[in-house]
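Read the structure below first, then the notes.
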Amino acid sequence: MIYRKAKMTDVESIHRLIYNYANQGLMLARSRSSIYENLREFTVAEDGGTVAGIGGLHILWHDLGEIRSLAIDPSYTKQGIGRHLVELLEQEALALGLPKLFALTYQPVFFAKCGFQEVENNILPQKVWKECINCPKFPDCDEQAVLKILQK
84 MIYRKAKMTD
94 VESIHRLIYN
104 YANQGLMLAR
114 SRSSIYENLR
124 EFTVAEDGGT
134 VAGIGGLHIL
144 WHDLGEIRSL
154 AIDPSYTKQG
164 IGRHLVELLE
174 QEALALGLPK
184 LFALTYQPVF
194 FAKCGFQEVE
204 NNILPQKVWK
214 ECINCPKFPD
224 CDEQAVLKIL
234 QK
């Protein structure tokens, strides 16, 4: 497995993975336009030319980043790819000087295994919610907030 930053040629694979989980109600959808605009945020797990997994690091403020759009191709689950992507995104956050990471997720147990703690959604700064206005579930978010302190 090769882990690398996403390239333009990955957009369709990234969109397909996100769409697959969004269609099942397990992840929020992202448009192709959004993926193109935020492509530099994505890290990809590649297996012989196949995108096996993806995850993004989105910076919200000087002290807070978000792990978003973490998705593993169903034929590659249970192989530690998601955990490794989270570790890489944490390393990237640390290299940028971000002391905290959060995620809004339907999979809090997975994130707990990665050292995140469940928190109340309302403890996150309002800046976190700026994209929520475009979500079909707004204002009734049913995702769980998880937070990890990387450094103090």
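One gets this note's numbering by counting positions in the sequence shown from 1 and adding 83 to each.
Idealized CB from N, CA, C, for every residue including glycine.
Keep in mind that this is a model prediction, so the values were computed, not measured.
Separation of residue j from residue i, as counted between CA atoms
i	j	result
asparagine 204	alanine 228	5 Å
serine 158	tyrosine 102	16 Å
arginine 166	alanine 176	15 Å
glutamine 174	glutamine 107	30 Å
proline 191	leucine 184	14 Å
threonine 160	isoleucine 206	31 Å
glycine 198	leucine 172	13 Å
glutamate 95	alanine 135	13 Å
Assigned exposure category for residue i - 16 Cβ within 10 Å defines buried
i	result
glycine 132	exposed
alanine 154	buried
histidine 145	exposed
serine 152	buried
Beta-carbon spacing of residue i, residue j below 7 Å
i	j	result
glutamate 124	glycine 139	yes
leucine 168	threonine 126	yes
leucine 233	proline 182	yes
Unbroken beta strand (DSSP E) run spanning residue i, endpoints
i	result
arginine 113	Taken as a continuous stretch (DSSP letters only), arginine 113 belongs to no beta strand (DSSP E), as it is neither H nor E.
arginine 123	Per DSSP, arginine 123 belongs to no beta strand (DSSP E) and is neither H nor E.
Residue i: CB within 6 Å of a non-hydrogen atom of the ligand NAP
i	result
phenylalanine 199	With respect to the ligand NAP, the structure offers nothing, as it holds no ligand at all.
Limits of the unbroken alpha helix (DSSP H) element including residue i
i	result
isoleucine 153	A small correction: the amino acid at residue 153 is leucine; isoleucine does not occupy that position in the sequence shown. Per DSSP, leucine 153 belongs to no alpha helix (DSSP H); it is in the beta strand (DSSP E), 147–155.
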